[in-house]
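Chains Z and Y supply the protein sequences, listed in that same order. Following our numbering, the numbering of the first sequence begins with 4 at its first residue and continues without gaps. Following our numbering, the numbering of the second sequence begins with 232 at its first residue and continues without gaps. Ideal placement from N, C-alpha and C gives every residue a C-beta, glycine not left out. Notes for the one structure printed next.
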Amino acid sequence: MKFTKLLTSLALSMSVAGVAYSDLVIPSLEYRTGPYAPNGIHFADGYADYFTLLNERDGGIGGVPVRFLPCETAYNTEKGVECYESTKGEGSLVYQPLSTGITYQLIPKATADGIPVHSMGYGRTSAANGKVFSHIFNYPGTYWDAASIIVKHILDQEGGDLNGKSIALVYHNSAYGKEPIRTLEELSKKHGYDLTLIAVDHPGQEQKSQWLQIRRERPDYVMMWGWGVMNQVAIQEAANIRYPMENFIGVWWSASENDVIPVGQGAHGYKAIAMHGVGDDYPLYDDLRKYVLDAGKAAGDGSNLGKVLYNRGLYAAMLAAEAIRTAQGISGNADITSEQMRDGMEALSIDAARLAELGLPNFGPPIQVTCENHGGPGLGAIQQWDANTQSWSLITDFAGADREVVDALIAEDSAAFAAENNITPRGC
Amino acid sequence: MTPDILNTIEVILNGLMTGVMYSLVALGFVLIFKASGIFNYAQGVMALFAALTLVGFQTGQIPFSHLINEIFGTHVHNWGPGLNSVLAILLTILVMILFAWLVEKLLLQYLVNQEPIILFMATIGLAFFMEGLGDLMWGADIKTLDVGIPSGGSFWWEDVTRTWVSEGYEYYGMYIDLLDVWAAGIAVLLVTILTLFSQYTKTGRALRAVADDHQAALTVGISLRSIWVIVWSIAGFVALVAGIMWGSKSGVQFSLSLIALKALPVLILGGFTSIPGAIIGGLIIGVGEKLFEFWIGPLVGGATENWFAYVLALFFLMFRPQGLFGERIIERV
Numbered sequence: 004m005k006f007t008k009l010l011t012s013l014a015l016s017m018s019v020a021g022v023a024y025s026d027l028v029i030p031s032l033e034y035r036t037g038p039y040a041p042n043g044i045h046f047a048d049g050y051a052d053y054f055t056l057l058n059e060r061d062g063g064i065g066g067v068p069v070r071f072l073p074c075e076t077a078y079n080t081e082k083g084v085e086c087y088e089s090t091k092g093e094g095s096l097v098y099q100p101l102s103t104g105i106t107y108q109l110i111p112k113a114t115a116d117g118i119p120v121h122s123m124g125y126g127r128t129s130a131a132n133g134k135v136f137s138h139i140f141n142y143p144g145t146y147w148d149a150a151s152i153i154v155k156h157i158l159d160q161e162g163g164d165l166n167g168k169s170i171a172l173v174y175h176n177s178a179y180g181k182e183p184i185r186t187l188e189e190l191s192k193k194h195g196y197d198l199t200l201i202a203v204d205h206p207g208q209e210q211k212s213q214w215l216q217i218r219r220e221r222p223d224y225v226m227m228w229g230w231g232v233m234n235q236v237a238i239q240e241a242a243n244i245r246y247p248m249e250n251f252i253g254v255w256w257s258a259s260e261n262d263v264i265p266v267g268q269g270a271h272g273y274k275a276i277a278m279h280g281v282g283d284d285y286p287l288y289d290d291l292r293k294y295v296l297d298a299g300k301a302a303g304d305g306s307n308l309g310k311v312l313y314n315r316g317l318y319a320a321m322l323a324a325e326a327i328r329t330a331q332g333i334s335g336n337a338d339i340t341s342e343q344m345r346d347g348m349e350a351l352s353i354d355a356a357r358l359a360e361l362g363l364p365n366f367g368p369p370i371q372v373t374c375e376n377h378g379g380p381g382l383g384a385i386q387q388w389d390a391n392t393q394s395w396s397l398i399t400d401f402a403g404a405d406r407e408v409v410d411a412l413i414a415e416d417s418a419a420f421a422a423e424n425n426i427t428p429r430g431c
Numbered sequence: 232m233t234p235d236i237l238n239t240i241e242v243i244l245n246g247l248m249t250g251v252m253y254s255l256v257a258l259g260f261v262l263i264f265k266a267s268g269i270f271n272y273a274q275g276v277m278a279l280f281a282a283l284t285l286v287g288f289q290t291g292q293i294p295f296s297h298l299i300n301e302i303f304g305t306h307v308h309n310w311g312p313g314l315n316s317v318l319a320i321l322l323t324i325l326v327m328i329l330f331a332w333l334v335e336k337l338l339l340q341y342l343v344n345q346e347p348i349i350l351f352m353a354t355i356g357l358a359f360f361m362e363g364l365g366d367l368m369w370g371a372d373i374k375t376l377d378v379g380i381p382s383g384g385s386f387w388w389e390d391v392t393r394t395w396v397s398e399g400y401e402y403y404g405m406y407i408d409l410l411d412v413w414a415a416g417i418a419v420l421l422v423t424i425l426t427l428f429s430q431y432t433k434t435g436r437a438l439r440a441v442a443d444d445h446q447a448a449l450t451v452g453i454s455l456r457s458i459w460v461i462v463w464s465i466a467g468f469v470a471l472v473a474g475i476m477w478g479s480k481s482g483v484q485f486s487l488s489l490i491a492l493k494a495l496p497v498l499i500l501g502g503f504t505s506i507p508g509a510i511i512g513g514l515i516i517g518v519g520e521k522l523f524e525f526w527i528g529p530l531v532g533g534a535t536e537n538w539f540a541y542v543l544a545l546f547f548l549m550f551r552p553q554g555l556f557g558e559r560i561i562e563r564v
């Protein structure tokens, strides 16, 4: 009798638990420790706070609460893979690895497990080809888009002619830092500028040789593909040699307040490419303060709101949430699976009206993801730092990359990947 | 002179200055190794911790404020506008002395007579503990450090050297960073003070006695534990100087602890037990890596400095395993 009661209560509690655990699982591979923590914390706070807002204000997405699973990677690839392995069984819907190294490791694993990866503006650029990379997405733009858009901006500055001009690329000596080289080489053939490649070893605390070289060779423009302390030191050294800051342009991972504030007035005028809006002058922030910050549910102390990398985390979360809504619409289920999430990501469409509805008017360009194109619109704007007001401002509209050059490179690289890995491209 | 020769001189000069910056970190390792035979893995983290504490005092930040706010639901961050740089540096020195005392009290006294590898492992643990403690006390965000040391290229030096170029060449003048010049001056002052302290004070003589022979020093009444506190305090002070110099360049952040990696080839080359060795080793590494990058770097894709410093150190190691100025290790069986 006692045994029957035990079984009955066990069955009851399991069924109750089954209902209670109906949720949308979002793992967060974050880094709040280690040398890259100052950047990782901002992104992680933005990513977490947006899902908290949806839970607190709307009761989740489509009536199903979001269960957030943070896992510390310390920006270490091995730890990132461990985080993936330990959380994938929880019903994880999408991974945002926040590291090019971790992304490269997860590409085959996640594809085999049927879980989508969103490497937003990082990772393997040719993953934009959805025919080859069925589960990998890198919208709203790729490194190659970024390189091309920066060159376009330089073209605008120079009246459309770069013949005889020189551009130096100061890059992190890693897979991440080397990503834009091919694109810049192709563009140099097309536009006639001289390209100088200047590598900086991890972590980039000492860059005297590199900046002495720039001082000697006096390139007309310097582009930077850096991360962490490399960015601050590079901007400091550029200020030291009195390099004109308005000709120094970084990728979107060399574009945060952390990179310019330590340099003080010397960083005034530094530029970078942006994939989304800057600051906190958006209606959504009122809700964030009301439902998350003031309610004591924020991931951080609230001091990061509106900073570039906080906004990026928030943007990534918003894109994930919208993909969940899309997936719910397609499947007819509120409690979706990771494969349905993938379908949602592949059908993601956000226009200006939807952004305004979300409380983020003009925060980013309209996004349309398709089966062929996982890289999104590939648009970027240029932002510039004002050391007097300690703020970034967008100085251009969102513009597109040179598709003729970038798409050809994506097709070539993804075809090579498909051949190496015996992947037959999907028909889209 | 042709611009090529002037550029080479510029590279050598900047290599020397960079070498001094490496030496500042290496000095802390040498002091502790010389007095206690411990390779202090935590030296880089000590530089970070000292710089974090200094900025904390300068900005009036409440230590552990994140933790306090989390536990008590408060919103405290600062106790006031902060202290001026001199007062903040003095208070940071006191914190580093307290740290040295705690290290001796809680760690070293239990490890007397242990194998060097055990002591080394203990400092690895200490490094991770301090990294976490620094994060908890002062937060992980990047902090701006300004103690009034000028930085940036020297206009005067540019103007002077511009006239050195032969006629018919275009030359912009030589670059030298004022912060590096200050670092060189401070390093010279630091080494002079350390040398005078160790040669002409009673405590300095006791330090040398312990460095020469622990057992003999104990038999003449020198307290090993007091000496350890003093040595770790001095190493803490040196870490503060290194933290200020490196932190002024890049802001104070957790990657500052990685500067220890730059000190290792300096130690291998200069010897683990010699203060002048740390300086000379730093200069050789600094000039060597900069010249290699200048001449050979463009041929091999650049970014040669990290590995070349170790190759250079290993080359010296083949001929002088104890380093240029290190004491020869003789073990009798």
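Of the listed residues Z/135, Z/82, Z/356, Z/27, nearest to residue 365 of chain Z (C-alpha basis): Counting from 1 along the first sequence, the entry for residue 365 of chain Z is found at position 362. Comparing Cα-Cα distances from residue 365 of chain Z to each of Z/135, Z/82, Z/356, Z/27, the minimum goes to Z/356.
Near-chain Y residues of the stretch 210-231 of chain Z (beta-carbon distance less than 9 Å), N- to C-terminal order: 211, 212, 213, 214, 215, 216, 218, 219, 221, 231
Per-residue burial, residue 256 of chain Z [other beta carbons within 10 Å of its own, 16 or more giving buried]: Taking the first sequence and counting its residues from 1, the one referred to as residue 256 of chain Z is at position 253. Result: buried.
is_contact[residue 360 of chain Y, chain Z] using C-beta, thresh 8 Å: In the second sequence, the residue the question calls residue 360 of chain Y occupies position 129. For residue 360 of chain Y, the answer is no, since every Cβ of chain Z falls outside 8 Å of its Cβ.
Nonlocal neighbours in the same chain, by C-beta distance under 7 Å from residue 536 of chain Y, ignoring five residues either side: Your numbering for residue 536 of chain Y matches position 305 in the second sequence. Cβ within range, chain order: 520, 524.
Of the listed residues Z/166, Z/266, Z/188, Z/238, nearest to residue 223 of chain Z (C-alpha basis): Within the first sequence, the letter at position 220 stands for residue 223 of chain Z. Looking at the Cα atoms, Z/166 is the closest of the given residues.
Residue burial classification, residue 337 of chain Y (beta-carbon count within 10 angstroms, cutoff 16): Position 106 of the second sequence holds residue 337 of chain Y. Exposed, since its Cβ has fewer than 16 Cβ neighbours within 10 Å.
Where residue 292 of chain Z meets chain Y, residues with beta-carbon distance less than 9 Å: The residue given as residue 292 of chain Z occupies position 289 in the first sequence. In chain order: nothing, as chain Y lies at least about 14 Å away.
Segments of 4+ residues assigned as alpha helix (DSSP H) that fall wholly inside the stretch 66-96 of chain Z: 80-90
Rounded straight-line distance, which links the Cα of residue 205 of chain Z to that of residue 62 of chain Z: If you number the first sequence from 1, residue 62 of chain Z lands on position 59. If you number the first sequence from 1, residue 205 of chain Z lands on position 202. Cα to Cα, the separation comes out at about 43 Å.
Nearest-angstrom Cα separation, counted from residue 107 of chain Z out to residue 84 of chain Z: As a first step, residue 84 of chain Z must be located in the first sequence, where it is residue number 81. As a first step, residue 107 of chain Z must be located in the first sequence, where it is residue number 104. Near 10 Å, if we compare the C-alpha coordinates of residue 107 of chain Z and residue 84 of chain Z.
Buried/exposed call for residue 195 of chain Z, threshold 16 Cβ in 10 Å: Residue numbering aside, residue 195 of chain Z sits at position 192 when the first sequence is read from its first letter. Answer is exposed; the Cβ neighbour count stays below 16.
Alpha-carbon spacing of residue 552 of chain Y relative to residue 356 of chain Y, whole angstroms: What you label residue 552 of chain Y is simply residue 321 of the second sequence in a count that begins at 1. What you label residue 356 of chain Y is simply residue 125 of the second sequence in a count that begins at 1. Answer to the nearest angstrom: the Cα atoms are 28 Å apart.
Whole-angstrom distance between residue 469 of chain Y and residue 479 of chain Y, CA atom to CA atom: Here the question's residue 479 of chain Y lines up with position 248 in the second sequence. Here the question's residue 469 of chain Y lines up with position 238 in the second sequence. Taking the straight line from one Cα to the other gives about 15 Å.
CB of residue 252 of chain Y within 8 Å of CB of residue 476 of chain Y, strictly: Translated into the one-based positions of the second sequence, residue 252 of chain Y becomes position 21. Translated into the one-based positions of the second sequence, residue 476 of chain Y becomes position 245. In contact: residue 252 of chain Y and residue 476 of chain Y (Cβ atoms closer than 8 Å).
Other residues of its chain near residue 354 of chain Y: CB distance less than 8 Å, five sequence neighbours each side excluded: Counted from its first residue, the second sequence places residue 354 of chain Y at position 123. Taken in chain order, the residues that qualify are 269, 270, 271, 272, 273.
Buried versus exposed call for residue 293 of chain Z [16 or more other C-beta atoms within 10 Å across all chains shown]: Looking up residue 293 of chain Z in the first sequence gives position 290. It counts as exposed.
Chain Y contact for residue 208 of chain Z (CB, 8 Å cutoff): Here residue 208 of chain Z refers to the residue found at position 205 when the first sequence is read from its first residue. Cβ-Cβ to chain Y under 8 Å: yes for residue 208 of chain Z.
DSSP state of residue 485 of chain Y mapped onto helix, strand, coil: Position 254 of the second sequence holds residue 485 of chain Y. In the structure shown, residue 485 of chain Y sits in a helix (DSSP, three-state: H, G or I).
Any C-beta of chain Y under 8 Å from that of residue 203 of chain Z: Translated into the one-based positions of the first sequence, residue 203 of chain Z becomes position 200. Output row for residue 203 of chain Z: interface = yes.
Contacts that residue 235 of chain Z makes with chain Y (C-beta to C-beta distance below 9 Å): As a working note, residue 235 of chain Z is residue 232 in the first sequence. 373, 480, 481, 482, 484, listed in chain order.
Contacts that residue 249 of chain Y makes with chain Z (C-beta to C-beta distance below 7 Å): For this step, residue 249 of chain Y is matched to residue 18 along the second sequence. Simply 209, 211.
Burial state of residue 420 of chain Y (16 or more Cβ within 10 Å): Along the second sequence, read from residue 1 onward, the residue named residue 420 of chain Y stands at position 189. Flag for residue 420 of chain Y reads exposed.
C-beta neighbour in chain Z for residue 254 of chain Y, strict 8 Å: Residue 254 of chain Y sits at position 23 when you count from the first residue of the second sequence. False, the Cβ-Cβ gap to chain Z never drops below 8 Å.
Three-state secondary structure (DSSP) of residue 199 of chain Z: Taking the first residue of the first sequence as position 1, residue 199 of chain Z is located at position 196. Strand at residue 199 of chain Z.
Distance between residue 123 of chain Z and residue 131 of chain Z (C-alpha atoms, nearest Å): Numbered from 1 along the first sequence, position 128 holds the residue referred to as residue 131 of chain Z. Numbered from 1 along the first sequence, position 120 holds the residue referred to as residue 123 of chain Z. If I take the Cα positions, the gap works out to 11 Å.
Under 9 Å from the C-beta of residue 36 of chain Z: neighbouring residues of chain Y: For this step, residue 36 of chain Z is matched to residue 33 along the first sequence. Residues of chain Y passing the Cβ test: 362, 363, 366, 371, 485.
Integer-rounded CB distance, given that residue 512 of chain Y should sit under 8 Å from residue 277 of chain Y: Numbered from its first residue, the second sequence carries residue 277 of chain Y at position 46. Numbered from its first residue, the second sequence carries residue 512 of chain Y at position 281. The pair is not a contact, with the Cβ atoms about 20 Å apart (cut-off 8 Å).
CB of residue 430 of chain Z within 8 Å of CB of residue 404 of chain Z, strictly: Position 427 of the first sequence holds residue 430 of chain Z. Position 401 of the first sequence holds residue 404 of chain Z. Not a contact, by the Cβ cut-off of 8 Å.
Continuous alpha helix (DSSP H) stretch holding residue 389 of chain Z: start and end: For the purposes of this step, residue 389 of chain Z is taken as the residue at position 386 of the first sequence. Per DSSP, residue 389 of chain Z belongs to no alpha helix (DSSP H); it is in the beta strand (DSSP E), 382-389.
Unbroken alpha helix (DSSP H) run spanning residue 212 of chain Z, endpoints: By one-based count along the first sequence, residue 212 of chain Z stands at place 209. Looking at the DSSP string, the run of the alpha helix (DSSP H) that includes residue 212 of chain Z is 211-220.
Backbone secondary structure at residue 6 of chain Z - three-state DSSP: Here residue 6 of chain Z refers to the residue found at position 3 of the first sequence. Any answer about residue 6 of chain Z is weak, because its pLDDT of 48 lies below 50 and its placement is not dependable; what the coordinates show is given next. Three-state DSSP puts residue 6 of chain Z in a helix.
Residues of the stretch 233-261 of chain Z whose Cβ lies closer than 8 Å to any Cβ of chain Y, in chain order: 235, 236, 239, 242, 243, 244, 245, 261
Residue 226 of chain Z - partner residues in DSSP beta bridges: Counting from one through the first sequence, the residue named residue 226 of chain Z turns up at place 223. DSSP lists Z/172, Z/252 as partners of residue 226 of chain Z.
DSSP-derived helix/strand/coil call for residue 234 of chain Y: Here residue 234 of chain Y is taken as the residue at index 3 of the second sequence, counted from 1. In this structure, residue 234 of chain Y counts as helix in the three-state DSSP scheme.
Touching by the beta-carbon criterion (3+ pairs, under 8 Å), the stretch 182-200 of chain Z and the stretch 129-143 of chain Z: no
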